[in-house]
Structures are given as structure tokens and as C-alpha cells.
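Numbering (the working numbering), first residue to last: 552 to 810.
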Amino acid sequence: MTGTGPSLALVGGEVLAVPKSATEPSEDAAALDPARGRIAVSDGATRALASGPWAHCLVRRFVARPPDGFDVPALGDWVRAAAAEWSQCVRLSPQAPPYLWDAVERGSYATLLGFVAEPAPPGADTLPWLAVAVGDTCLVTLRGAAPTLSFPLHHPEQFTSAPALLPTSPAALPDAVGAAHVIAGASRAGDDLLVMTDALARWALTRAAHGPHVWRFLRQCDASTFTTKVRALWRRGELEEDDVTLVRCRVDRARADQE
Numbered sequence: 552m553t554g555t556g557p558s559l560a561l562v563g564g565e566v567l568a569v570p571k572s573a574t575e576p577s578e579d580a581a582a583l584d585p586a587r588g589r590i591a592v593s594d595g596a597t598r599a600l601a602s603g604p605w606a607h608c609l610v611r612r613f614v615a616r617p618p619d620g621f622d623v624p625a626l627g628d629w630v631r632a633a634a635a636e637w638s639q640c641v642r643l644s645p646q647a648p649p650y651l652w653d654a655v656e657r658g659s660y661a662t663l664l665g666f667v668a669e670p671a672p673p674g675a676d677t678l679p680w681l682a683v684a685v686g687d688t689c690l691v692t693l694r695g696a697a698p699t700l701s702f703p704l705h706h707p708e709q710f711t712s713a714p715a716l717l718p719t720s721p722a723a724l725p726d727a728v729g730a731a732h733v734i735a736g737a738s739r740a741g742d743d744l745l746v747m748t749d750a751l752a753r754w755a756l757t758r759a760a761h762g763p764h765v766w767r768f769l770r771q772c773d774a775s776t777f778t779t780k781v782r783a784l785w786r787r788g789e790l791e792e793d794d795v796t797l798v799r800c801r802v803d804r805a806r807a808d809q810e
């Protein structure tokens, strides 16, 4: 149904992040542009070289200029361009030791969850969108406190220690983009979007078996409460001690000054 009135759009938008270390930079990265309907979250592989900068390259580029399409050729071209940007972050001097040159040649790895909302006609009842995922960073859509989608994983047992990852190395790229999952969806006014890195997503899906309280918490908590909760879960061993990132947005009617 379409008609007159404000269009549906992403409104608000917030990044909640708790690094696992007080002294080392997080390997997670998040970026969002609600006005253009774009969200991206990436989790850099812990043992890979400069995986935090690689994650940041991916999310910045996705929000600024998503792939022209989510098919394998378009996604591959897009990752190659992002990898060229990353390579500028790890330029070595000719005197660098051989092990560093080897590490640069092996490259870096990170997950990616990218979300793009498509323009909705004025008065439309739903906001269409596309999402792409490589790895175990997850999108959960909520209607009230009830999840309507968990993508690309929907059960805690699906998480493994070796998720698919986007590489900077051209040799590893074909298999990685071939592992991409793509989904099209549509959200209504009042729906919430949660994008989470793997440790938080796995915990949330585990807790969801006991009722909707976990979704209410993730939808409503402020940054301080979120940080306190994550650290308490770490102490109790209920959450893997890893960098934790949550991005949340809501779908609603855009005000005139937001359109």
C-alpha cells in the first residue's frame, strides 16, 4: 500500500561497543548512515595482521559506497578496492624484518554484515532492504520484543571457531565472496534492527530460548548499562571475552527535515 505522508526510513542509530582490552584497540568496527539507510559492522580476525584497520576499511567503505550489487563479481570488485585502501595502512620500510613481509603477504581477515535500505515511496507500509553477510556478525530484526529474522545465523550452535572471513589477499578472495549470504527483507514502522558481533549474537540467541527479555534489553539499554552487563557476563563466563559491538536502529516515519 502506498499513499501520501512521510516515508519510512531508518531513524536514530547508535553504536554500543565494549572492547575486550583496556590497552589494545578493538578489532571490531561499525559505521552507519541512517539518512542513506546504511549499516555496516565488521569483526577483525584476532590472529590476523592489522585486522582492526581492515574491519574499519570495510565498514567505512560500505557506508560510503556499498557494492554495486551483492553478486559474486560485484562483491569481489568491492573487496579488492577496500583491500587496496587497507594496504596503505601497512606499508613497510625496506628494512622491515622478513616475518613482517610474510604477514603482509598473508594479509588480514574480517567478517562483514552490511545493510542497505532501499527508498520507500511516500506512505508505503514497509521499508525494503538488502543485507549481505560474510561470517558470523548477525542482523536481528525485532517487531516489539519478538524477532522476525536472525541472519545469517539463527541458532547458537551454528557459531564456530572458523567463520567465513573477507580477506585482503586476492588469492583467498574467490572462496570468501562465494561464501557470502544475501537476503532481501522489508520492515514496518516501529521495527528495530540490531547488528551484533559474534559473541553477543551467540549469547543473545542462547538467552532467547528463555523468553523475549534479552531482546527488550538489547533494544532499550543505554550505553552504561550495556557495558556493565557485558562485563558482568564476562566475569560469570556466560559471554566469550571478546570485543563486543551492537548497532541498533529503528524503522519509522521520517520527519520532513529527515527526508
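C-beta atoms are modelled at their ideal positions from N, C-alpha and C, and glycine is treated no differently.
Quick one: using the 10 Å Cβ neighbour count with 16 as the cut-off for buried, is residue i buried or exposed?
i       : result
Val-798 : buried
Ala-807 : Only weak support exists for where Ala-807 lies, its pLDDT of 48 falling under 50; the value from the coordinates is given anyway. The residue is exposed, with fewer than 16 neighbouring Cβ atoms inside 10 Å.
Pro-649 : exposed
Thr-662 : buried
Leu-643 : exposed
Thr-719 : buried
Arg-589 : buried
Leu-567 : buried
Ala-722 : exposed
Pro-645 : exposed
Ser-593 : buried
Ser-577 : buried
Trp-652 : exposed
Ser-712 : exposed
Asp-619 : exposed
Kindly list the residues whose CB is nearer than 6 angstroms to the CB of residue i, restricted to its own chain and excluding five residues on each side of it in sequence; keep chain order.
i       : result
Met-747 : Cys-689 and Leu-797
Asp-743 : Leu-693, Arg-770 and Arg-801
Leu-678 : Leu-559, Ala-668, Ala-671, Ser-738 and Val-802
Thr-776 : none
Thr-757 : Pro-707
Pro-617 : Val-667
Ala-634 : Thr-719
His-732 : Ala-684 and Pro-703
Ala-580 : Ser-593, Ala-606, His-607 and Val-610
Met-552 : Caution applies to Met-552, whose pLDDT of 46 falls short of 50 and renders its modelled position unreliable; the value that the coordinates give is listed next. Asp-676.
Val-569 : Thr-778, Val-781 and Val-795
Excluding the 5 residues preceding and the 5 following residue i in the sequence, name in chain order all residues of the same chain whose CB lies nearer than 7 angstroms to its CB.
i       : result
His-764 : none
Phe-710 : Asp-687, Leu-704, Asp-749 and Arg-753
Ser-701 : Cys-689, Val-691 and Leu-756
Ala-599 : Ser-659 and Tyr-660
Asp-622 : none
Val-728 : Val-623, Leu-626, Gly-627 and Val-630
Val-614 : Ala-582, Leu-583, Asp-584, Arg-589 and Ala-591
Identify the residues that DSSP records as bridge partners of residue i: which are they?
i       : result
Ser-577 : The partner list for Ser-577 (beta bridge, DSSP) is empty, contrary to what the question assumes.
Pro-824 : Residue coverage of the chain in this structure runs from 552 to 810, which leaves residue 824 outside it and unanswerable.
Trp-680 : Ala-668 and Gly-736
Cys-800 : Leu-744
Leu-700 : Thr-692
Leu-784 : DSSP, once it has assigned bridges, lists no residue as partnering Leu-784.
Val-562 : Arg-801
Residue i: which of the options sits nearest, CA to CA?
i       : options                               : result
Gly-695 : Ala-661, Phe-768, Trp-605 and Ala-581 : Phe-768
Asp-676 : Val-683, Ala-740 and Pro-714          : Ala-740
Trp-637 : Cys-608, Ser-577, Val-655 and Leu-664 : Cys-608
Val-655 : Cys-640, Gly-665 and Asp-726          : Cys-640
Pro-499 : Leu-681, Ala-596 and Glu-565          : Outside the displayed range of the chain (552 to 810) lies residue 499, so it cannot be described from this structure.
Trp-766 : Ala-730, Asp-726 and Pro-698          : Pro-698
Leu-734 : Ala-774, Thr-778 and Leu-664          : One point to set straight first is that residue 734 is Ile, not Leu, in the sequence displayed. Closest option to Ile-734, Cα to Cα, is Leu-664.
Among residues of its own chain, excluding the 5 on either side of residue i, which ones have a beta-carbon nearer than 8 angstroms to its beta-carbon?
i       : result
Glu-810 : Note that Glu-810 has pLDDT 48, beneath the 50 cutoff, so the model's placement of it is unreliable and the number below is only indicative. Only Pro-557, Ser-558 and Ala-560 meet the Cβ criterion.
Val-562 : Pro-585, Cys-800, Arg-801, Val-802, Asp-803, Ala-805 and Gln-809
Leu-784 : Trp-754 and Leu-790
Cβ of residue i less than 8 angstroms from any chain E Cβ?
i       : result
Gln-709 : Chain labels in this structure do not include chain E; a single protein chain is all it has.
- Task: Just list the beta strand (DSSP E) runs in the segment 568-643, keeping only unbroken ones of 3 residues or longer that don't cross its boundaries, in chain order.
- Result: 579-584 and 589-594
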